[in-house]
Structures are given as C-alpha cells and as structure tokens.
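What follows is one structure encoded as structure tokens, with my remarks underneath.
2 protein chains.
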Amino acid sequence: MTTVRTVGITELALRDAHQSLMATRMALEDMVGACADIDGAGYWSVECWGGATFDACIRFLNEDPWARLRTFRELLPTSRLQMLLRGQNLLGYRHYGDDVVDRFVERAAENGMDVFRVFDALNDVRNVERSIAAVKRAGKHAQGTICYTVSPLHTVEGYVELARNLADLGCDSLALKDMAALLKPQPAFDIVTAIKQALPGMQVNVHCHATTGVTQVSLMKAIEAGADVVDTAISSLSLGPGHNPTESVVEMLEGTGFVADLDKDLLRRVKDHFAAIKPRYAQFMSSFSVETDIFDSQIPGGMISNMESQLRQQGAGDKLAEVLAEVPRVRKAAGYPPLVTPSSQIVGTQAVFNVLMGPYHVLTAEFADLVLGYYGHTLGEMDPDVVAKARAQTGKDPITVRPGDLIEPEWDALRDQAAGLDGFDGSDEDVLTYAMFPKVAPGFFATRAEGPKNVGRDPAEVEAERLAAAGDPGTGPLRMPIAYDVTVDGRTHTVSVRPA
Amino acid sequence: MTTVRTVGITELALRDAHQSLMATRMALEDMVGACADIDGAGYWSVECWGGATFDACIRFLNEDPWARLRTFRELLPTSRLQMLLRGQNLLGYRHYGDDVVDRFVERAAENGMDVFRVFDALNDVRNVERSIAAVKRAGKHAQGTICYTVSPLHTVEGYVELARNLADLGCDSLALKDMAALLKPQPAFDIVTAIKQALPGMQVNVHCHATTGVTQVSLMKAIEAGADVVDTAISSLSLGPGHNPTESVVEMLEGTGFVADLDKDLLRRVKDHFAAIKPRYAQFMSSFSVETDIFDSQIPGGMISNMESQLRQQGAGDKLAEVLAEVPRVRKAAGYPPLVTPSSQIVGTQAVFNVLMGPYHVLTAEFADLVLGYYGHTLGEMDPDVVAKARAQTGKDPITVRPGDLIEPEWDALRDQAAGLDGFDGSDEDVLTYAMFPKVAPGFFATRAEGPKNVGRDPAEVEAERLAAAGDPGTGPLRMPIAYDVTVDGRTHTVSVRPA
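Chains as they are written, first to last, in the working numbering: chain A, 1 to 500; chain B, 1 to 500.
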C-alpha cells in the first residue's frame, strides 16, 4: 500500500455499550474516572448521551441527565461529544411538536453536545428534517442516519436514495446504523461503496452491534469501501449484544493501508477502568453471547427477552417460537419497517397479541397508528386488511402527511405543566425532561435533591448477603461475630471476627 | 461474483473448543448427543482427538481415550475425524523413538482417525517427518502445520519455505495454525496468498483462536486469499480463548462469492446441545473474553494464567508484569520459537526463573535442552551466552542432528514396563497410553474398570452445596482447615483457619 488512510473511531463505552450490556444502569460516578483517558486517546467522537441513558438516569439513578451531559463536557474538553436522537421522537416514545424539537436540540447543544446522530425508526426523512435543521442552526454536527434492515424491498439503491435525501437536508455526515447486527460484510461493502460513489466527500460512519459475530468483518469491509468512522466499545465493555472491541479494530487494521490512530496505552487504562467497574453491575448484565438466529427472525436480542417476559406474564411462555415466527409476518403487514426503538416494540407486541388472540383480532394502539401512517411511511405498502381493521378499531383515518405537521406547538403547555411539579427548577431543561418522560419526571424532580443513586453493587457484598440469607435468614445478613481458631506459623489463636 | 467457491469448515467443538474454554474437561457422554447432527451438518472434518484431550481423559475423567476415539468413529460414520498431533512428541511432552511414533499413528488410524494435523512447536520439519510418513503409510490424510508467530525473523517468505518443506514430505494439505490469536487480517491474506502461489493446488486450512477479537476478519481475508478450509467452533462453545463461531463464519460469507455449505438447522441443534451442557462445566470455564495485550506480549492467554499461578506459589504474585516483559527476551535468546505446547511452557517458566532468581542464573532442564538443540532448531540463533550457561549447568553438548535420531527404539521396553501395570489390557493402545503419560497411566489402568467419571456438575446442585457450606461450615463439603497466605504490612504468614 502506498498511502495509509486514517479511520476515525467513535467510542461507545459511555452510552450504547452499557445500554446494551447492562440495561443502561451505569452511574456517572463509575464513568468519570475514565474520562481523562478517553479524552486523550484520539477518538473521532465519544458517544455519551441519548438513547436510553436519559430515561435510565431519571428512572433508576436519580441522576439529572442534563447534569450528566455538562459533566461530560467538563471532563472531555477536547472530545466531540456525540448523542443519539430519535428524530421527531427526541428521546421519548411519541412525536413532539416542532417547537419542542427545536428547544431540545438547542438546549443539548448549549449544554455541550457536538455531534447529533439523528435517526427515524422507519427511515422516513420527514421525521428527521426538523431536528437536523435545528442542529445546523445551533452550529453543530448533524449526522443523518440510515437504519439498516433486511427485507425483500430493501436494496443498495434504496439506501443510496435515503443517503441522498439525508444529504439534501444538509447533514454533515451519514451513519449506517446496524442496531441488530444484521449487516453482513458484503452488504456493508456494497452500501458504503455506493454511498461514497453517489455522494463524493460525504463522511460515512458505521455503527454495528456484535451480536451475530459477523460485524467485525463488516467493519473491515466498510472501511475498505471508504467508511470514515466506525463505532466500537472498549474491550472490557464489548461483544455480546454490545459492540466490537475498540482495541481489536485498531489491531485488525495493521498493515492493511488503514490505521486507527488511537493511543494504545490510554486504551489499556480505559479498559482496566471498566473491567474493574463491570462486576458491580453483574445483576444487570446480559448473559447473551453470540446468536445468529437473528438473521432468520431479524429480531434484536433485547427484543426477544422483552417478548419472553410479556409471554410469561400471560402464562404463555411456551409460545415464544410461534411469536418469533409471527414477527416477520407482522413486519411485512406494516411495510417492512426496520426493527429499532420504537418500531421493534410495536411490531413485537403486536406479534404477541396475534399469537395469543388470533391474527389482528386486537391491535395495539401503537400498531394501529403505525399502519395508519402516524409514525411516518415505511418502504413497503401496509396490508390493506390490517389497515381496515385499524380504522375500524380506532375510528382514525390514515394519514400521508408528515406526522409532525399534525402536532400543534406544545412548548408553553408543557412548561405550564412542568411548573406545577414539586422540585421543578424552572429551567428549559427540566421542561424537556418532563416532556420526554411525563410519568417518570415528577418523581425524579421530587427526589432529585437526594442526589444520584448508584445501583451497582460490590460483588463480594452481594455474595455475602446471599450466603447469609441462605444460612440464617432470621438474624439478618451479617451473622457476626464468628469465632475461628487461627493458626499462624504454628501457633493457634482463637480469633473472633465481625464488621469493623 | 460469477462463481461461488465452497469453503470447508472444520468443527472444533469436540476437541479444541472445550480444551480452550473449559480446561478439556468435557466428558464423552456430554458429546454423544451432538454427534449425529455434527455428522450430518456437512463439515469438511470434525476435530475430536489429540491435543490435551488424551491427557485429560486419563487424568481427570477415568475415560479411555482410545475408546473415545472408537465411539466417535461409530457416531460420526460419514465424517472425516481429525486429530492434532505434536509430531515426534505425539501427545506427550518429550520426543519419542521412531518406532513409537510409527506405532501410535498406525493405531490411531486403525481406531478410526482420518486427518492427522501434525505440528512441531519450533516449526522444525525434521520433527514431523516421521509421523507424516507414518500417516501416509496408513493411507490417511497428512496435514503439515505451520505454527504462526510474530518476530523480527518471521516473514511471509519464511512461511512459504516451511510450506514447501512440508509439501516435500508428501503432505495432503497444510494448516496455518494461529494458537495465540496473533494472526491479523493482512498477514493472513499475505501468507495464504503466497503459499497458494508457491504451491498451486495445495489445500490450505487455517486455524485461529478468537482471543484478540481480530481473527474472524483474518479468516475472511484468508478465504479471500484462497484458503480452502477454516476452523470454527459451534457458537455456544466459541469466542474468548476459544474460536470464532461456526454459524457466524457461515453467515459472514453471504454474497461474498464464497459459501460454507453447512446445514443451518443441524448447526442450531448442535448449538442448543452444547448450550445446555456448558453450565455443567462452569467451574472450569475461563472468564477470559477479548484481550489484545497478547499482541505486545505474544503470550497466549492460557500461558498467562499458568505463570500467574507459578508466581503466586512462589509468593511473587506482584511480579507478573516483569515476567510478561521478560518473555520476549527469553524468546529471543532461544531463537524466537513460536509459543505453543511445549515451547510456551518452557519459555514461560524460564521467564519466571529469570525474574525470581536473576537472568539465566538457573536454567530449567527443558530450557537448557531447548537452547542446546534437543527440541530441534529455531529460526533465530540461540544466544551464545545462554548456550554456554546451558552447557555448564547440564554438562551436555549442543546438537544439530534431528533429535529423534538420538532416541533408540523403545517400543519393546515400553511394552515390558506397561505389562507390569495393574489393569494393563495387553493392547498396543495401552502401551501407547503408558508411553505418553507414564505417571498418570498406571493410576488410570488401575481404576479404568470403574468407568468414566463426568466432572461436570449440575449448576443448581453446586449452588445448593455452596449455600449449605456457608450455612454450616463444619459439615459442608468445604472441609476446614483452609490454608491461606496472609500478608500483613508486607510480611507474609501461612495461616490455617477452621471453625472454633
């Protein structure tokens, strides 16, 4: 090779890695110790916010997600901070009014966000227009996103058309997002090649999960095809339902004509940091390793465990195989949406309903909205019979306009509602927190003053409690003092031990 | 792509996978249920014997390794059975006389072995000559092996020369063996390409471990370069210090112009079988996931844990980093041998000695033999100072002849010795078992009639015992007293503890 091309790396440890591996439970205080090393390592960007982290902060950790963002900004002063934004859904599960979208992006930028990776679950660009415009207006980096999926209708040409449409919105870069680890090496090569040909000079980022065990190869092929940046997670927070290991991607490029110019000593320190932290979250860890069945069912790993628990609650734990077989049919009826939040939940739950109650006997409100166009349009046609059932059940008409167009400005109403909450601090950020999670935010505001709650646990302590509970549940977890005969260098002492 | 080339797959589940992941402890009875599905799945070969499995059978499982082989032959009637053979070492840890080598290969072939992958830890072809000739004489498939390593002296041209030398011995195929997961994608491509160019029509197999997280890509590159067969392990026994997942390699090839023609439904059944078995071996499982530090130290993962335990036994657990830094120096002094059984143990132990007692102050007998040429020649020159120390310490002269030439025929003597053992059954196979493991075989012969011992444990049972032991430490299975090394303010005491 005559020239060496540098490939950028986005580190996922602070967001998607712990979201995927340990149910988004990692507390900020368990990340701060790694920030200086991450900041110095030479990443293209550091993903650290968005996705489920906002929700988990207020739901489980009594932690203000905006304060988390400001802390990252302070601790990662030279890094591009990156977030994942669900277009018109922002970080919530419904479409928001354009005024709320504008305000959210403006506040996120103001609090320190640099790169906004904006996606829509249906790949409907109308749902990302407004947020991308807001990112541009804030002078930040707008990354338009292609959600990768597999269906009879999804083609390389289709992805290129989507890429063009996103580029037309003024995106600074494009991301190919493979949330379910379905992106095989050859499609990765073909899609990136075609986008690079269609849009010369456009930066292309590739995000893959590792679940199916093929996507490290896909990253290699994407790089060969011209991908500029790939997403990885530090090795101690990698693999399984997470991502390919940062250090392995660095190493795999040796001699190939590509290089990921990261500081290996700092990577080692970041690895060691999270290797030490990880055992504290064992209770939340996925036991999932590698799983290629996803290629047939196209169902992300996290979705399978959700469906399993839905089925068990209905006393139908034995119907999982039927539901897995139903999902592709439901997906077809809905025009082959990619399966990613929230479409994965909507399709999965409808599949469960179909198996338990008969095909489309009852539609969930969300699935009815989906087939009626209220989430946007999908690549395929909706099944007309199912659309008819949705109309009959809901009394709603199908729409073809941009869903956001139907939503009136709502900022003032949201501010008024938030203002009435105990602990509301008067900031736009608090209004946005309330807007995203109106059921969870009130409780969080009320308890915020108590400070963050770290749900990680010392494994030794967990074990001691378990053993104590099993040994003598009546007298509490620590049945101390305990007397031992201790022999030291041949001399025996009677020693009693109890907590200091 | 106009034509699609079929790539063969060697399944490792029955040998190297459980050797790497669970200390070779899997009992035959936990494999038999998968054999019909493996036999039908369409593998190029099924590795099922050799390596450490022979040793583990008689040392831990009270299982006759020859009976295991015959069982595989019966249960896998249409498969090529494959074994790993350490050249003149056979399955033991010393060189054997040529007559023993001949007899071993002849008996293995007679008991059902088809493909003999023959390697020498130093890549000295003189050490594989005899066994390869014996394989040819038995009418079986002789696979000559190149142990991959990285050093200032190891080049693509050197590997090609080795390949030519192995081809000259009449090998039916060649294996590129990457026991430490050091083979990065570009060298994989370059080496396979060069071998294919030098030896048109020669079948090339590639064996990689997964430890460093890069070798799935290396397999892809090797296939692109023309590799005919790659080694994988069914996903439920894959990754970590093991191998890349079979199903993932099958899937990654989709659309690439290559195909691994395996039956996916049967693979799923094999996966499910071992997923159910695996928890029974939790106590032996490596917790190791992905580790790229190996690229710097070049030390296989299993070797690090060995060295750690050697150091702890010497009260020098804090010296691991020093030892890891010493290993490359020792390797250089010994002419850059690949690190694989037995050279990995020999180099690693000498590095421990050097750190604890000063550089080459004491040589292990094995390391002295290594630098004096008694294991064969290495690519680099031996350090003359170290050779001088070895001569002085052992009184032995360096040799340059084939080590096997110095060993007198020994079959008759071994048969006489074996004949005196309680439980010896008179067969050549028993003589060979004794020859391989003269310290372990007598005990095994004596207890063989009791039948195989499955050391796998029901996880629920293990947990119940542990809880019971905690609740009532006096009568549980964890018998007191327990000895600890306790270090207080820098002074270490041996302390024994039991309930008062």
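By construction, the Cβ of each residue, glycine as well, lies at the ideal position given by its N, Cα and C atoms.
Answer with yes or no whether the minimum CB distance from B/Gly213 to chain A is below 8 angstroms. True, the Cβ-Cβ gap to chain A drops below 8 angstroms.
Go ahead and label B/Arg479 buried or exposed: buried means 16 or more other beta carbons lie within 10 angstroms of its beta carbon, across all protein chains shown. Residue placement at B/Arg479 is flagged as unreliable, the pLDDT there being 41, under the threshold of 50; a coordinate-derived value is accordingly withheld.
For B/Leu91, which residues does DSSP report across the bridge? B/Leu91 pairs with nothing; no bridge assigned.
Taking the runs of the alpha helix (DSSP H) that are 4 residues or longer, which of them lie wholly in the stretch 45-114 of chain A? 53-60, 65-75 and 98-110, all fully within the stretch 45-114 of chain A.
Identify whether A/Tyr148 lies in helix, strand or coil by the three-state DSSP scheme. Secondary structure of A/Tyr148 (DSSP, three-state): coil.
Ends of the alpha helix (DSSP H) at A/Ser235? Per DSSP, A/Ser235 lies in no alpha helix (DSSP H) and is assigned neither H nor E.
Any idea which residues DSSP pairs A/His141 with across the strands? Checking the DSSP bridge columns, you'll see A/His141 partnered with A/Val115.
Give me the DSSP bridge partner(s) of A/His207. A/Lys177.
Determine the burial state of B/Ser305: buried for a count of at least 16 other Cβ atoms within 10 Å of its Cβ, exposed for fewer. Here B/Ser305 is exposed: its Cβ has fewer than 16 other Cβ atoms, across all protein chains shown, within 10 Å.
Within the 8 angstroms Cβ cut-off, does B/Thr10 reach chain A? No, because no Cβ of chain A sits closer than 8 angstroms to the Cβ of B/Thr10.
To the nearest angstrom, report how far apart B/Ile407 and B/Gly97 are at their CA atoms. Each residue's CA atom was taken as its position, placing B/Ile407 and B/Gly97 some 5 angstroms apart.
Would you mind giving the Cβ-Cβ distance between A/Glu47 and A/Thr10, rounded to the nearest angstrom? I have them listed as a contact below 8 angstroms. Right, their Cβ atoms sit about 6 angstroms apart.
Just to check my reading of the structure: A/Ala334 and A/Leu363 have Cβ atoms closer than 8 angstroms, yes? What is that Cβ distance to the nearest angstrom? By a beta-carbon distance limit of 8 angstroms, A/Ala334 does not contact A/Leu363. Their separation comes to about 11 angstroms.
Note down, in chain order, each residue of its chain lying with its Cβ closer than 6 angstroms to the Cβ of B/Thr6, except the 5 sequence neighbours on either side. Sequence-distant partners of B/Thr6 (beyond 5 residues in either direction) whose C-beta falls short of 6 angstroms from its own C-beta, in its chain, are Val259 and Asp261.
Indicate whether at least one CB of chain A lies closer than 8 angstroms to the CB of B/Gly476. At B/Gly476 the pLDDT is 41, less than 50, meaning the model places this residue with poor confidence; the figure from the coordinates comes in the next sentence. False, the Cβ-Cβ gap to chain A never drops below 8 angstroms.
Near-chain B residues of the stretch 259-283 of chain A (beta-carbon distance less than 9 angstroms), N- to C-terminal order: Those would be Lys264, Leu267, Arg268 and Lys271, in chain order.
Evaluate A/Arg25 with the Cβ neighbour count: other Cβ atoms within 10 Å of its Cβ, from every protein chain shown; 16 or more gives buried, anything less gives exposed. Counting Cβ neighbours within 10 Å, A/Arg25 comes out buried, since at least 16 surround it.
Cut-off 6 angstroms between Cβ atoms - residues of its own chain near B/Gly348, not counting five sequence neighbours on either side: The answer, listed in chain order, is Met303 and Met307.
DSSP state of A/Met1, grouped into three classes? Unreliable placement is indicated for A/Met1, whose pLDDT of 49 sits below 50; no coordinate value is reported for it.
Using the three-state DSSP reduction, which class does B/Thr409 fall into: helix, strand or coil? Reading off the sequence shown, one finds Pro at residue 409 of chain B, where the question assumed Thr. The three-state secondary structure of B/Pro409, taken from DSSP, is coil.
If we ignore side chains and look at the alpha-carbon of each, how far apart do B/Gly8 and B/Gln143 end up? Rounded to whole angstroms, B/Gly8 to B/Gln143 spans 15 angstroms at the Cα level.
According to DSSP, simplified to helix, strand and coil, what is A/Ile9? A/Ile9 falls in the strand class under three-state DSSP.
Among the residues of its own chain, which have a CB less than 7 angstroms from the CB of A/Cys171, if the five just before and after it don't count? Cβ within range, chain order: Ile132, Ala142, Gln143 and Gly144.
In terms of residues, what are the limits of the alpha helix (DSSP H) holding A/Thr394? Taken as a continuous stretch (DSSP letters only), the alpha helix (DSSP H) holding A/Thr394 covers Pro384 to Thr394.
Return the chain-ordered list of same chain residues with a C-beta closer than 6 angstroms to the C-beta of A/Gln310, the five sequence neighbours on each side being excluded. If we look at A/Gln310 and ignore the five residues flanking it on each side, its Cβ neighbours are Val352.
According to DSSP, simplified to helix, strand and coil, what is B/Val249? DSSP places B/Val249 in helix when its eight states are reduced to three.
DSSP three-state assignment for B/Val229, whether helix, strand or coil: Strand, per DSSP.
For A/Val340 and A/Pro442, I'd like the C-alpha separation in whole angstroms. Straight-line Cα distance between these residues: approximately 28 angstroms.
Please state whether DSSP places A/Phe288 in a helix, a strand or coil. Of the three classes helix, strand and coil, the one that applies to A/Phe288 here is coil, per DSSP.
Among the candidates A/Lys439, A/Phe274, A/Val128 and A/Pro459, whose CA atom is the shortest distance from the CA of A/Arg86? Among A/Lys439, A/Phe274, A/Val128 and A/Pro459, the Cα nearest to that of A/Arg86 is on A/Val128.
Contact criterion: CB-CB distance below 8 angstroms. Does A/Pro185 meet it with respect to chain B? The beta carbon of A/Pro185 falls within 8 angstroms of a beta carbon belonging to chain B, placing the residue at that interface.
Would you tell me roughly how many angstroms separate the C-alpha atoms of A/Asp263 and B/Pro185, rounded to the nearest one? Going from the Cα of A/Asp263 to the Cα of B/Pro185 covers about 21 angstroms.
What does DSSP give as the partner residues of A/Phe258 in its beta bridges? The beta-bridge partner set that DSSP reports for A/Phe258 consists of A/Arg5.
With 16 other CB atoms within 10 Å as the buried threshold, where does A/Pro77 fall? That one is exposed.
Measuring CB to CB, does A/Leu237 end up less than 8 angstroms from A/Leu21? A distance below 8 angstroms separates the beta carbons of A/Leu237 and A/Leu21.
Collapsed DSSP secondary structure at A/Asp472 in the structure displayed: The predicted model places A/Asp472 with a pLDDT of 48, which falls under 50 and marks its position as unreliable; any figure quoted below should be read in that light. The DSSP-derived three-state label of A/Asp472 is coil.
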